[in-house]
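Chains as they are written, first to last, in the numbering used here: chain D, 3 to 535; chain A, 280 to 655; chain U, 399 to 712.
Yeah, the Cβ is synthetic: ideal placement off N, Cα and C, and Gly gets one too.
All values reported here derive from a predicted model rather than from experimental measurement.
Okay, so here's the structure we're looking at.
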Amino acid sequence: MSGGRSPGANAAPMAPAPPVLSCRGLTKRFGGPEGGVLANDGVDLDLFAGRVHALLGENGAGKSTLMSMLSGAFRPDAGALLLRGEPLVLRSPAAAMRAGIGMVHQRFALVEALTGAENLALAAGGAPSPRAAAELAEAFGLLLDPKRRVSELSMGERQRLEILKLLACDARILILDEPTSVLAPAEISGLYGTLRRLADQGRAVVLVTHKLPEIADVADEVSVLRRGRMLARNMPRSQGLPTGWDLAGLSRLMVGRELPGASSGRQRRPGASARETVLRVRGLCGQGQPPAFADVHFEVARGEVLAVVGVAGNGQEALAAVLGGTKRPARGTATVLGREADQALVAYVPEDRHGTATVPGMTLAENLLLSTTGSRGAYLQGGAGSRAARAAIAALGVVASGPQALARDLSGGNLQKFILARELSKSAPLLVVEQPTQGLDVLAVSEVHAAIRRAAEESAVVLVTGDPAEALALAGRVAVLFRGRVAGVVDPGEAGAFARVGRLMAGLSDPAAEGPAGPVGVPGGKPGAGGRP
Amino acid sequence: MRPVRLVLEPRQASGAWRAAISLLSALALAGLLGSLVFALAGVDVGAAWRALAQGAFGSSYSLGEILVKAAPLILTGLAVALCCRLNLWNVGAEGQFVLGALAAGYVGLFLAPAGAQPWPAHFALPLALAAAALGGGAWALAPALLKARLGVSEILSTLLLNYVAVLFMEHLFYGPWRDPAGQGFPGTAELPEAVRLPLVMPWLPGARVHWGLALALALALALWFLLARTRWGFRARVLGQSPRAAAYAGFHSARITVTALCLSGALAGLAGAGELLGVQHRIQDGLASGLGFAGIVVAFLARLNLLAVPLAALFLGALLVGADQLQTGLRLPGAAALALEAALLFGALLGEFLAANRIRLVRAPAGEAGEARHAS
Amino acid sequence: MLPSPDWESLALLGQIAVKSSTAVLLAAYGEIVAERSGVLNLGLEGMLLLGALAGFAVGAATGDPAAALGAAAGAGALGALAHGIFVLSLGAEQVLSGLALSLLGAGLTGVLGRDLLGAPGLVLPSVPLPVLADVPVLGPALCNQPVLTYLALLLGPLLWWALGRTRWGLLVRACGENASAAYASGVPVRLVRYGCTCFGGALAGLGGAFLSLSYTPGWKEGLSAGQGWIAIAMVVFAAWRPLRALWGGLFFGLLTALQFTWQAEGAQWLPLWVLRAAPYLLTLLVLALAQTSAALRRRSGPPADLGRFFRPGG
């Protein structure tokens, strides 16, 4: 089942029923008729009622563009949509909704200042009614309090609200874009149960993802998109394989090459004797009411990578900002080599590349001067900035036209490499990196990971991430934040480490809690396990 | 027949070409709107534009007047443009202009007259200018602090203070500062020679161009250098483009905001001093005639480019001088100049849009018209 | 120095206070609706002037109050439409377009109104409500007012209900809080925003007509004297809520009324210019206070998508 098969070979699966929605030759180009990017190039796809369809592809493969055309957000430049065999033209998401096609975007389309019931009414028409909303939620087994404002809901609840919105509009085709990326591992199985039920009720469900193993259980068929072209479509499960899928073959198809030896050799735990402690965090509490995080203690030695993981909104964003020196803690201390942390002592790669780590409208040379203190004094040392930017570009192989290139013109991966190179050039004893590979393609991910590993040879590294796999691949210790507290610290080498991190992220009780690595400061009153469906 | 629809797409063009498109479309729309105003006012549109051109370029005197108007416009334009580069709106240049004039007037009226001053006469002018910068800057301080400390919109605070400044100035020249020898005419006495800005061409009678123009040009260069080449300017630009990046880099955003607004106020204050010390020589009704508000038009005609501000100021100066001819020749009120400024601003907005976007006519793909009923 | 506390002068003070708040109230309501839909319109001052001149000119020409008010509302809405085209269709900077509209209103009315300066025209007098107007103190204040003042008093609760309790209000709030989410839910965001902007312009136009037909009957260049800006400040103070705007507007009216009485009595303890500047200075003070309390209570910020351009994809 490798890339050798022609796309057409799988086009006629065992389905007796005709597809509910088909695309034929969909093409979409961005940025002018000549040049620009061909995001989708003659894409064909069939969706069937009663099946969960996984659309695989790397970041930038054209998945979102394709789904945006299916859901009415973009109009194709060429090609056609067929709804139950009839040609279909979609002028807006609302038109798609009327045709029974609904999409849950990676960034939820919810009005945060309104309640769940009001959001439902917005989509489905009529006046907001919390009782009707609660009944609808009940009917589909989606737990939700429709009277609460969206801003107070967890990511999982928001996702359920989004699905409910589509169901309230009687969507027959549901598209979910990277639905697992905002969920804790334990919530994912709940989502899959919902999707299975919806498919069994006769709906067509599309899961868009770049994380192949995650969807292996729930998918009935798979299509693979790479660089805007459909390389394999409507491949059914094969019974002979243990997971039902040739995962290696599919990932080759997605990436188009063998992966560089990824996640080879996770970080060893340093010998306690020789290593010097760089970062000491004592009783650190964040700002806000309630505080974003509280009672955080840990130490990180030179040559060590400590990962802090948590589902978005559990306090790791604020913790990273405090460690990175851009926010002040409410209480507690974080010292680097015994001193108060400042820009010279901490290299910090924040999550937001465009707008926080760099100024998009400025050149790389100017962006280099943003966080480095290399040229002090009253005047801007443009020449020094250019030289240093050139060095940074060379250090990590950034693809850019030169120091005068604007930050906004770099791709996400290249900009991230530039930021990393800039921060590493400071040779600071502590490196704090936050969500370093979000939205990057596989090659860039492996380069960024390699750079972090190299940095860990010289300095102490704190890796803040929402991706447990990344944490386990890079770190010597993984601290899990739940509701602002360190729920537990996991050694990646121990058996069942991944499952344990997943349970801790979801706030489930930790059976393996013992010893000094146990849950530091978990409040006995709210383990959080009961609150989650 | 296939339907045609308009498609917008980002324009891929060089900076110079974009600037040209922006400028041309701005002028085109401004001309159109201006003609509309003239037509609504019931005057012959052609005659109005001819009168305007005649008034602006008809004589060597009017050419000199353009330079006279340009001097304060450069400064208020710089004041607005500086703030906009930091994503701040100083719409209080009018009030800062007034306070600058008042501070300079105080020096002229009470510190500089012969016999009163304890210093040599040639200190009087620099002192008056310094006082003006201080006065304008101080008038911007309250909005700056309110913005930096409490997050009060600087648009509203600077604007509301304009009314206060004008009322205060009227109070002074109707009351305590009124010229006792003025036979009841509201206004202060003429300022002494020592504080007046010297004329550039004193030998030419009627040429009122004063050295304030040179000061304004020098300040334009200095301000450009400050923003482009100094560390403070770099921080200010970062803050203007991305406050989050400024916080990441550890810049003191509040301090930069306060400094920039006060600097902007000082520039507007100097504009007021130039108008008082170089042209009017006494504080009276009509000293604040919208030159502060016109700074907004200048700044956006220059597309916030500090080095282009003098050119934009010359252009608007010509328009204002020409508009005076509309008053005398066609009996249109002075408000006509405001309407033309508004037309220019709307024109600049359209220009910005056309510089960034291309409009294409697209024929819908075959078949769309037929299926459109299906789901739209 | 303070007026002697007899009932009659208190009633008069109340009447002037409520009357003085009318233009600011109408303009502020309009701005609240526009801003709740996501459009910042700093052109209130210009729309007040456009409405004032249109209302006065049509009133003088026809003598028909309905035609005068219709013209005023239409002129205000037309100004708002211009703003809408620039910010909603062309994606122009909303602050700048609003300033341009203010400038246009001042310039255009100055030019077009040049022959109407000091001319006689229609006057919309106070209409005492039967029986109610005779209630002591409150009667004259609330029930012996021009029609537009009644409108201003009623619109507060009406808009509170409409914004918070109706589907129409839900659509408006959704557009202002998250335009792309509203669009994804099938709300015609641009249409809603155009509608709200023009509605706001019409209300500001009516506020202007109140100034030129009821408050100080007659046309005068720049007769709004910054009331449009005070109305915008009132919106911030009211945290974008119509009922709070009602209280804020009445408070502003009380200040104006006190200024009149003190001025009439020749109060010496405050210089006249400070008295005349008081509305602007106190508005600034109130803004600062509102910001402090908002910071303390961490609620009632502006609509999340206020001032942001929205363009449907594709």
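Per-residue contacts from residue i into chain D (C-beta, under 9 angstroms)
i: serine 435 of chain U; result: Neighbours of serine 435 of chain U on chain D: none; closest Cβ ~13 angstroms, over 9 angstroms.
i: proline 710 of chain U; result: Ala75, Ser94, Pro95
Cross-chain neighbours of residue i in chain U, by beta carbon under 7 angstroms
i: tryptophan 368 of chain A; result: Val493
i: alanine 125 of chain D; result: Ser583, Gly584
Within chain A, the residues that residue i reaches when beta carbons sit closer than 8 angstroms
i: phenylalanine 630 of chain U; result: Strictly speaking, residue 630 of chain U in this sequence is isoleucine, with phenylalanine absent from that position. Ordered by position in chain A, the residues that pass the 8 angstroms Cβ test against isoleucine 630 of chain U are Leu435.
i: valine 509 of chain U; result: Val316, Leu319, Ala320, Leu611, Pro612, Ala614, Ala615, Ala618
6 angstroms Cβ shell around residue i - same chain, five flanking residues per side excluded
i: alanine 295 of chain A; result: none
i: serine 500 of chain U; result: Gly441, Glu443, Gly444
i: alanine 616 of chain A; result: Leu599, Ala602
Beta-carbon gap between residue i and residue j smaller than 7 angstroms
i: threonine 335 of chain D; j: arginine 284 of chain D; result: yes
i: valine 224 of chain D; j: leucine 255 of chain D; result: no
i: valine 302 of chain D; j: leucine 281 of chain D; result: yes
i: leucine 556 of chain A; j: leucine 476 of chain A; result: yes
i: glycine 519 of chain U; j: phenylalanine 454 of chain U; result: yes
i: alanine 579 of chain U; j: alanine 426 of chain U; result: no
i: leucine 624 of chain A; j: alanine 498 of chain U; result: yes
i: valine 54 of chain D; j: alanine 201 of chain D; result: yes
i: valine 22 of chain D; j: leucine 49 of chain D; result: yes
i: serine 419 of chain U; j: glycine 584 of chain U; result: no
i: alanine 499 of chain D; j: valine 310 of chain D; result: no
i: leucine 404 of chain A; j: valine 474 of chain A; result: yes
i: valine 351 of chain D; j: methionine 507 of chain D; result: no
Cross-chain neighbours of residue i in chain U, by beta carbon under 9 angstroms
i: isoleucine 575 of chain A; result: Leu494, Leu497, Ala498, Leu501
Neighbourhood of residue i by C-beta distance below 7 angstroms, restricted to the same chain and skipping five residues each side
i: arginine 571 of chain U; result: Arg434, Leu561
i: arginine 150 of chain D; result: Thr117, Gly118
i: glutamine 600 of chain D; result: Look at the range of chain D in this structure, 3 to 535, and you will see that residue 600 of chain D is not part of it.
i: cysteine 171 of chain D; result: Met99, Gly104, Ala125, Ala126
i: valine 322 of chain A; result: Leu609, Leu611
i: phenylalanine 484 of chain U; result: Ala490, Ser495
i: cysteine 541 of chain A; result: Gly416, Ala419, Leu420, Ala423
Residue i, enclosing beta strand (DSSP E) - first and last residue
i: cysteine 287 of chain D; result: 279-287
i: arginine 228 of chain D; result: 223-228
i: isoleucine 177 of chain D; result: 175-179
i: leucine 49 of chain D; result: 39-49
i: glycine 490 of chain D; result: 487-492
i: serine 24 of chain D; result: 23-32
i: arginine 563 of chain U; result: Not the beta strand (DSSP E): arginine 563 of chain U falls in the alpha helix (DSSP H), residues 545-563.
i: histidine 356 of chain D; result: Where histidine 356 of chain D is concerned, there is no enclosing beta strand (DSSP E), given that its DSSP letter is neither H nor E.
Range of the contiguous alpha helix (DSSP H) that encloses residue i
i: methionine 99 of chain D; result: 95-100
i: lysine 167 of chain D; result: 157-170
i: tyrosine 427 of chain U; result: 420-434
Cβ distance (whole Å) where residue i is taken to contact residue j below 8 angstroms
i: tryptophan 418 of chain A; j: glycine 544 of chain A; result: 6 angstroms
i: isoleucine 628 of chain U; j: proline 677 of chain U; result: 6 angstroms
i: glycine 428 of chain U; j: glycine 598 of chain U; result: 3 angstroms
i: alanine 393 of chain D; j: threonine 374 of chain D; result: With a Cβ gap of about 11 angstroms, alanine 393 of chain D and threonine 374 of chain D do not count as contacting.
i: alanine 411 of chain A; j: alanine 382 of chain A; result: 5 angstroms
i: leucine 628 of chain A; j: glycine 519 of chain A; result: Contact flag wrong, Cβ pair sits at about 20 angstroms.
Other residues of its chain near residue i: CB distance less than 8 angstroms, five sequence neighbours each side excluded
i: glycine 503 of chain U; result: Gly441, Glu443, Gly444, Met445, Leu446, Leu447, Leu448, Gly477
i: arginine 199 of chain D; result: Phe142, Gly143
i: leucine 388 of chain A; result: Trp456, Thr467, Ala468, Leu470
Within chain A, partners of residue i - CB distance below 9 angstroms
i: arginine 512 of chain U; result: Ala320, Arg610, Leu611, Pro612, Ala614
Amino acids of chain U, ordered along the chain, whose beta-carbon sits closer than 8 angstroms to that of residue i
i: leucine 112 of chain D; result: Asn576, Ala579
Cross-chain neighbours of residue i in chain D, by beta carbon under 8 angstroms
i: arginine 523 of chain A; result: Asp354, Gly357, Thr358
i: threonine 509 of chain A; result: Ala380, Tyr381, Leu382
Partner residues on chain D for residue i, Cβ-Cβ distance less than 7 angstroms
i: alanine 427 of chain A; result: Going along chain D, no residue has its Cβ under 7 angstroms from alanine 427 of chain A, so there is no contact; the nearest lies around 18 angstroms.
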